[in-house]
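Remember, our numbering sits 354 above the position in the sequence shown when you count from 1. Using N, Cα and C, we set each Cβ at its ideal position, and we do this for glycine too. One structure is given here, and the rest of the page talks about it.
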Amino acid sequence: MVDYSNWLRDVSDDTKLSTLSIPGTHNSAAYHMALPSVQCQDASITEQLENGVRFLDIRVSKNILHSDDQQYNLVVCHGKFPIKLLGNVELSEALDEVYKFLDSHRSETVIVSIKQEGSGTWDNDHDEFGNCIWDRYVNKNKDKWYLGTDIPKVGDTRGKAVLFRRFGVKDQQRKSQFGFEASWWTYNTSNDDRGNLQVQDWCEINKPEDIGTKANYVKEHIKRAVDYNSTNTDSQKLFVNFCSGSNFFDHECWPQKIAEGLDQDKIDETFGKGSGILVLDYAKTNDWRIVREYVNKNF
């Protein structure tokens, strides 16, 4: 039986992360009481990690309640909205959960995606956002991160967070030590191949009938990953497959409804060895069934 809190323990050190089937969560910290269109999870980051999730999607904003240095204590958001009805959740809180998990599960690694969203303006011609992430969050905890720009092997990342950087950096020297770059892909894409990164992130679910279309895109991307990894055991391509999507104006297209629809459309029937990163909403659904079936494909 798989120990989902330590499942990477049974994976060889020489295995590339890109050749695994890795369950992830979309807007991972959005598990607090919030607007139904904003909440994306129903379990904490710690619970997610203990149940097998190994990719976290975290979106952050300046703290616009402050105009001084406190504004750079970044808060987690979903689009323009805070992820909690009362009070903010700071990025430092989310990362502390990751660090504590890795301290007690030294065989594991967690891929942490960080993206700039929300309110507040940034001078990114001068790397204001990137410098904030580096100075306040990464550099002071450098021993807790794998910051290589390559696709690493499991053995290189045990006990560490792997930075999946969804923001650009202009400073070339900084860029060379600042994680895997995934700063952009085409919006609303069903398949965008960036060479070392291939993404499915079709998210404009305008009506309930579109959920079936989304399910097909998810299945097609799983098949691409499995087919590629079956013939490229030293894979240099990371497949990322978002199961998320929404329409703010139609409650039948809010995150929980889409998660239920993908489950009903049996996306799990396409799971295989080397399926890539599958980014889920409401990952706890049916006692983590999708997460656990996905992990099981590694064995």
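- Taking C-alpha positions only, Tyr491 is separated from Phe483 by approximately 11 Å.
- The three-state reading of DSSP puts Trp488 in helix, counting H, G and I together.
- According to the DSSP assignment, Ala569 belongs to the alpha helix (DSSP H) that extends over 564-585.
- The stretch 385-395 and the stretch 446-457 do not touch, with fewer than 3 CB-CB distances between them shorter than 8 Å.
- Note: Glu482 is not bridge-paired with any residue in the DSSP secondary-structure output.
- Lys370 has Lys507 as its beta-bridge partners, per DSSP.
- Ranking Tyr648, Thr567, Ala613 by CA distance to the CA of Thr639 puts Ala613 first.
- Beta-bridge partners assigned by DSSP to Gln552: Asp547, Phe593.
- The DSSP-derived three-state label of Glu444 is strand.
- Its chain contains Phe409, Val516, Phe518 as the residues whose beta carbon lies nearer than 6 Å to that of Ile465, once the 5 sequence neighbours on both sides are disregarded; these appear in chain order.
- At a Cβ-Cβ threshold of 8 Å, Glu471 and Gly533 do not count as neighbours.
- Within the same chain, Cβ atoms closer than 6 Å to the Cβ of Lys627 are found at Lys651, the five residues on either side in sequence being excluded.
- Remark: C-beta atoms of Leu551 and Val594 approach each other more closely than 8 Å.
- Using a 10 angstroms sphere on the CB of Asn542, the tally of other CB atoms stays under 16, which defines it as exposed.
- Residue pairing from DSSP places Lys469 in a beta bridge opposite Arg413, Arg520.
- Around the CB of Asn560, fewer than 16 other CB atoms lie within 10 Å, so the residue is classed as exposed.
- Residues of the same chain with a CB within less than 6 Å of the CB of Thr540, apart from the 5 flanking positions on each side, are Asp546 in chain order.
- Within its own chain, the residues whose Cβ lies closer than 8 Å to the Cβ of Arg460, once the five positions on either side in sequence are excluded, are Arg512, Gly513, listed in chain order.
- DSSP places Ala397 outside both helix and strand once states are collapsed to three, so it counts as coil.
- Under DSSP, Trp499 shares a beta bridge with Ala515.
- Separation of Pro506 and Lys370 (C-alpha to C-alpha, rounded to the nearest whole angstrom) is 6 Å.
- If you draw a straight line from the Cα of Asp619 to the Cα of Ser629, it comes to about 18 Å.
- Taking 8 Å as the cut-off, the Cβ atoms of Val553 and Ser375 do not count as close.
- In this structure, the beta-carbon distance from Ile399 to Ile468 does not fall below 8 Å.
- When the alpha-carbon of Asp641 is set against those of Gly406, Asn570, His480, Asp367, the nearest one is in Gly406.
- In the three-state scheme derived from DSSP, where H, G and I count as helix and E and B as strand, Val645 is classed as helix.
- Taking C-beta separations shorter than 6 Å and ignoring five residues to either side along the sequence, the partners of Leu403 in its chain run Phe455, following chain order.
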